[in-house]
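Chains A and B supply the protein sequences, listed in that same order. By numbering that gives the first Met the number 0, the letter at position 10 of the first sequence is numbered 9, and the numbering carries on one by one without gaps. By numbering that gives the first Met the number 0, the letter at position 7 of the second sequence is numbered 6, and the numbering carries on one by one without gaps. Ideal placement from N, C-alpha and C gives every residue a C-beta, glycine not left out. Scroll down for the structure; my scribbles are underneath it.
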Amino acid sequence: MALSLSLQSGKRASPVRNALVKGWWDRLPLLPALVVVLCVTQLPFIITLYYSLQRWNLVSTSAPRFVWFRNFLNAFNDAVFLKAVFNTAVMTGSIVIASVFFGGLLAAGLNREFRGRTLARTLAITPFFIMPVAAALFWKTGIFDPTFGILGWITDAVGIGRFNWISQYPRLTIILLTTWQWSAFALLILLAGMQSFPTEVAEAAAVDGASRFYTFRRLMLPHLRPFIELTALLTAMYVLENFAAIAILTNGGPAYATTNLSYYVYLEAFSAFDLGRASAFGMIALAFAIALTVPMLRVVSGIFKEGGRA
Amino acid sequence: MSLRRTSHLDTLLTALTWIGTFVMFAPIGWMILTSFKTEQDAVSYPPKLFFTPTLEHYQRIFENDFAAFLTVSVLVTLTSTAIVIVLAVPAAFALTVRPIPKWRDVLFFFISTKMMPIAAGIVPIYLVARAFDLLNTSTVLIIVYVSMNLPLAIWMIRSFMVEIPRDVFDAVEVDGAGRFREMTQIIVPLIKPGLASTALLCGIFAWNEFFLAVNLTTTVSTLPVFLQKFLSFGQLYTAQVAAVATLINVPVVAAGWLAQKSLTRGLTFGAVK
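This is the structure in structure tokens:
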């Protein structure tokens, strides 16, 4: 109602006014989505920044008070926090590298003509859809479990005995499980990248007597570079927030060995009820994410420009 | 001679590819197989490949409050996805078909929100939800999932709109009032398959989401939270876990397979087709 009124008055008003109204009329379809995203995803960060400057523990009786950057300074004297940063780096790094490597290998295998290829592709990408909590729960009981898990049976059968994977190699179990899911993702994107490789180029190279390995190394890999970068950055972003696997497999333990930044924020906020500290950790996690986002956006816009789609 | 060697190499590569595929699918296959075993068969040593299948565990799933969590999951997934599509189509329209000034900045703003860790915003989200008495409701999950999926949906839908030949809408003379018709009667029918894949992908993310669900809800919650409760039973029942996990994943795996063709595009914000 108010809108149609303003439009009518716009018709009678000056051309400047008219253009202004038209401008907003054009933006109107965008506004609901923009407002929702701003309010729910951006506003919290600003509030978190404000909280992070306060000493605010829900269990303590003292009222929240402003302490400037003390939470941040304390963070860097907190051994657990530093461990969480280290864990985040190690786990994210190895998951990204392993996923791109295995996903890429499998994509190269699937990027060939053979019978049952569509079926193989469909089966190979399925791990990505599996609910992370469900995957973690089944891996814990059916695969990693020292007495009942299939992995224990396999290691026993090859003669190296049984391990209690989750308590002996907690970080490795998280990495294995997450890599399994994210290699499927890497496979999807890298395969798409390989399929966008112009076939004429490959054929021309074959006619010139180039070996398959040479064609792959010298022509395919350079073509794939932006795709590999994109896959690595996207995987890093999502794995940085790895939560389900940690919460189900190890609860961040033993002795914080598998606690990453997201999980530490969760522990501080919802177990220790220290909202000030949790907010400061959240801000630091945000800083890491931004450091990844900047190169990421550059890669995405590069791919767009190349494809002439932006 | 050299041809022969190539075909040997091909056979080898194909075999390796199948082995790789097997490794990827084996945990899922093993889970499905385990779900049909009795608890004794599931933990037998050595593991059994052949056994008398039982549906016991599937029948037992509904004994506890599974149905309540399932209802919330379905409600939250469907509602949030529907809202996402309704908001994303006009937004993508304003950024593609009739682009506003600085549309590129807006697009990149959307993508950048998707990259921020949700952990950095969880404290205020929790406190605001508590202030509005929304903790432990499906409403709060719908709100956060809408904003979580919107940027992705806008980018994906945009990538479908970009492909519509320009003369389709250059032919239509558009004034303000005609826009809504142009959008609903010309554009939406043209990108219907794209909208379907977008909805499927958003649905998968909403169905699987755990961090927000576990922090904002407890008893009125989605299936990942239900599954987490299995942990507190102490003794875990392998076959029972397998049955629940299998059942819960049927919709998402089906959705993923259906959306396969446009999946890459959605996951890379339309950068890769």
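A/P169 versus A/A97: straight-line alpha-carbon distance, rounded: So the two alpha carbons sit approximately 17 Å from each other.
Within-8 Å CB hit, B/A67 to chain A: No, B/A67 lies away from the interface with chain A (no Cβ there is under 8 Å from its Cβ).
Partner residues on chain A for B/M155, Cβ-Cβ distance less than 8 Å: Near B/M155 there are no residues of chain A at all, since even the closest Cβ is about 13 Å away, more than 8 Å.
Residue range of the unbroken alpha helix (DSSP H) whose run includes B/Q58: Where B/Q58 is concerned, the enclosing alpha helix (DSSP H) starts and stops at E55 to I60.
B/Q259 - partner residues in DSSP beta bridges: According to DSSP, which records beta bridges pairwise, B/Q259 is partnered with nothing at all.
Straight-line gap, B/W256 to A/F127 (C-alpha atoms, nearest Å): If you take the alpha carbons of B/W256 and A/F127, they lie about 11 Å apart.
Check whether B/S196 and B/A152 have beta carbons under 8 Å apart: The answer is no: Cβ separation not under 8 Å.
Closest Cα partner of A/Q180 within the set A/L122, A/Q167 and A/G108: A/L122 is the residue among A/L122, A/Q167 and A/G108 whose C-alpha sits nearest the C-alpha of A/Q180.
Given A/L29 as reference, the closest of B/F268, B/M114 and B/F109 once Cα atoms are compared: Residue B/F109 is the option with its Cα nearest to A/L29.
DSSP state of B/N214 mapped onto helix, strand, coil: B/N214: helix per DSSP, three-state reduction.
Beta carbon proximity, B/Y44 to chain A, threshold 8 Å: Yes, because at least one Cβ of chain A sits closer than 8 Å to the Cβ of B/Y44.
CB contact below 8 Å: A/R111 versus chain B: Residue contact check for A/R111 against chain B: a CB pair falls below 8 Å.
Assigned secondary structure, B/D64 (DSSP; H/G/I helix, E/B strand, else coil): Of the three classes helix, strand and coil, the one that applies to B/D64 here is coil, per DSSP.
Paired residues, beta bridge with A/Q53 - DSSP: As a beta-bridge residue in DSSP terms, A/Q53 pairs with A/F65.
Cβ separation of B/L149 and B/V75, assumed to be a contact under 8 Å, to the nearest whole Å: B/L149 to B/V75, Cβ: 15 Å. No contact.
Any C-beta of chain A under 8 Å from that of B/Q39: Taking a beta-carbon distance threshold of 8 Å, B/Q39 does not count as an interface residue toward chain A.
Touching by the beta-carbon criterion (3+ pairs, under 8 Å), the region 218-234 of chain A and the region 278-290 of chain A: Counting Cβ pairs under 8 Å, fewer than three are found: no touch.
Extent of the continuous alpha helix (DSSP H) run through A/S93: Looking at the DSSP string, the run of the alpha helix (DSSP H) that includes A/S93 is A78 to L109.
Chain A contact for B/Q227 (CB, 8 Å cutoff): Chain A contact via Cβ: present.
Pair within 8 Å by beta-carbon distance, A/F184 and A/T234: Cβ distance < 8 Å, so A/F184 and A/T234 count as in contact.
Where the alpha helix (DSSP H) through A/A204 begins and ends: Run containing A/A204: T198 to V206, per the alpha helix (DSSP H) assignment.
Distance between B/V161 and B/I185 (C-alpha atoms, nearest Å): One C-alpha to the other measures close to 14 Å.
Identified DSSP bridge partners for A/D25: Bridge partners of A/D25: none, in fact.
Proximity of A/Y262 and A/I245 at Cβ, strictly below 8 Å: Going by C-beta atoms, A/Y262 is nearer than 8 Å to A/I245.
Range of the contiguous alpha helix (DSSP H) that encloses A/W181: Counting along the chain, the alpha helix (DSSP H) containing A/W181 begins and ends at P169 to Q194.
Burial state of B/G177, where buried means 16 or more other Cβ atoms lie within 10 Å: Using a 10 angstroms sphere on the CB of B/G177, the tally of other CB atoms stays under 16, which defines it as exposed.
Exposure label - A/Y50; buried when at least 16 CB within 10 Å: Buried is the call here.
Distance, A/T40 Cα to B/G269 Cα: So the two alpha carbons sit approximately 21 Å from each other.
Interface flag, A/A288 vs chain B, CB-CB below 8 Å: It does; some Cβ of chain B falls within 8 Å.
First and last residue of the uninterrupted alpha helix (DSSP H) at B/C201: Per DSSP, the unbroken alpha helix (DSSP H) holding B/C201 starts and ends at K191 to N207.
6 Å Cβ shell around A/S182 - same chain, five flanking residues per side excluded: Cβ within range, chain order: S98, F101 and G102.
Nearest neighbour of B/V249, chosen from B/V42, B/V143, B/L222 and B/M155 [CA to CA]: Measuring from the Cα of B/V249, the nearest candidate turns out to be B/L222.
A/D144 burial status per 10 Å Cβ neighbour count (16 or more: buried): Residue environment analysis places A/D144 among the buried positions, since at least 16 neighbouring C-beta atoms fall within 10 angstroms of its C-beta.
CB contact check: B/Q184 to chain A, cutoff 8 Å: No, its Cβ sits nowhere closer than 8 Å to a Cβ of chain A.
Cutoff 8 Å: B/F24 Cβ touching any chain A Cβ: Interface flag for B/F24 against chain A is set, since a Cβ pair is found closer than 8 Å.
Sequence-distant residues of its chain with Cβ nearer than 7 Å to A/A134 (five each side left out): Same-chain partners within the cutoff: L176 and Q180.
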